[in-house]
Each structure stands twice: as structure tokens, then as C-alpha cells.
Amino acid sequence: MKKIYIVISVLVILILSFLIVRPDKDIETSENNINDAGVISNEMPALGDEGNNVEEMLVVKEFTISGKNFSFAPSTIKVEKGTRVKITFQNSAGFHDFVVEGYSVATKQTQSPATEVLEFTADKMGTFEYYCSVGTHRAMGMKGMLIVE
Ligand SMILES: [Cu+2]
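Take a look at the structure:
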């Protein structure tokens, strides 16, 4: 019987020392981080965690692109692959639409003033031209670039 008590008390001591030692190690590690590279090293993992969380949710990036005779502004937009892209196309002068080549998305053709909204997932990497498909507007400069990287 005494042996059992000894074994149990040894186990209890082991468990207690584990509980006590572990938090100490954590504190030492974080102190080392601060000493090594200041605040930045502590912030880096936090940012990484946030990034992972955002990736698990769906990242939606919104753009407002205005179109007139014969240009789009902005003429370049950039997103990361996998981003949900929401484009609000504001036709401010003329008769236009907004087409994204390679993604099979387009607004209907509208007379200004008009606002159309497009939404799609940028699941292909590359550079895709967006343009107005009315007449020769594209050739006249009504185009821009969607960069997915
Ligand atoms: Cu046009």
C-alpha cells in the first residue's frame, strides 16, 4: 500500500511540475522574441494568424470603375487569386458595358448615367483585359487590366 502512495505522489509531483514549468517556458520564449527583434517579431505571427482567418472566410474586394468615351478609370486593378471580386461599373458618359475577358462576366449595355454590379471569383491567375464591347470602343481605348496573382 505504501508503494502505491509513493507512486501516486510522484505522479502528482510530475504533473504539477509540468503545469508549473510549461508557462515559464512560454514566458521565456516571448521574452526572447522581444529581445531578438523587438515588437515586430511578436506582431508577425499575429498577422499570419489573421491572414489565415481571412483566407478561411471569403475575401471580397470591391472596386468602383467608371467608364466614359473612351476610357475606364481605374485602368488597372489587382487582386490575389481566389478573391471574390465585386466591381461596380459606373457609366458616366455614353453607351457602354463592362466585360472581363477570360472570366465570362459582363454587364448589360447601358446608356449613362447607369450603375451595374458584377461579382465573380478570381480563380485564374493571369492578366485579363476588361473592356467595353460596344462598337469600336475597345479599340478606341475603353479597356483596362485585371491582374490576378
Ligand atoms: Cu463603350
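Going by this note's numbering, the letters in the sequence shown line up with residues 308 to 456, in that order.
Think of the CB as a built atom: it goes at the ideal place given N, C-alpha and C, for glycine as much as any other residue.
Asked	Found
Span of the beta strand (DSSP E) around GLU369	367-375
Straight-line Cα distance separating VAL366 from THR443	35 Å
Close Cβ partners of ASN376 (< 7 Å) along its chain, the five nearest in sequence each way excluded	ALA400 and GLY401
Sheet register partners of GLU387 (DSSP bridge)	DSSP, once it has assigned bridges, lists no residue as partnering GLU387.
Classification of THR414 by the beta-carbon crowding that lies within 10 angstroms, buried from 16 upward	buried
Residue interval of the beta strand (DSSP E) (run including THR434)	433-438
Spatial neighbours of PHE427 in its chain, beta-carbon cut-off 8 Å, leaving aside the 5 residues before and after	ARG391, VAL392, VAL407, TYR410 and VAL412
Buried versus exposed call for ASP404 [16 or more other C-beta atoms within 10 Å across all chains shown]	buried
Reduced DSSP secondary structure (H/G/I, E/B, other) of GLU423	strand
Endpoints, beta strand (DSSP E) assigned at VAL441	First-last for VAL441: undefined, no H or E at that position.
Simplified DSSP assignment, three categories, for THR395	strand
One or two residues paired with LEU400 in a DSSP bridge	Residue identity differs from the one stated: residue 400 is Ala in this sequence, not Leu. Answer by DSSP bridge pairing: none, since ALA400 is not bridged.
Opposing strand residues paired with ALA380 [DSSP bridges]	SER373
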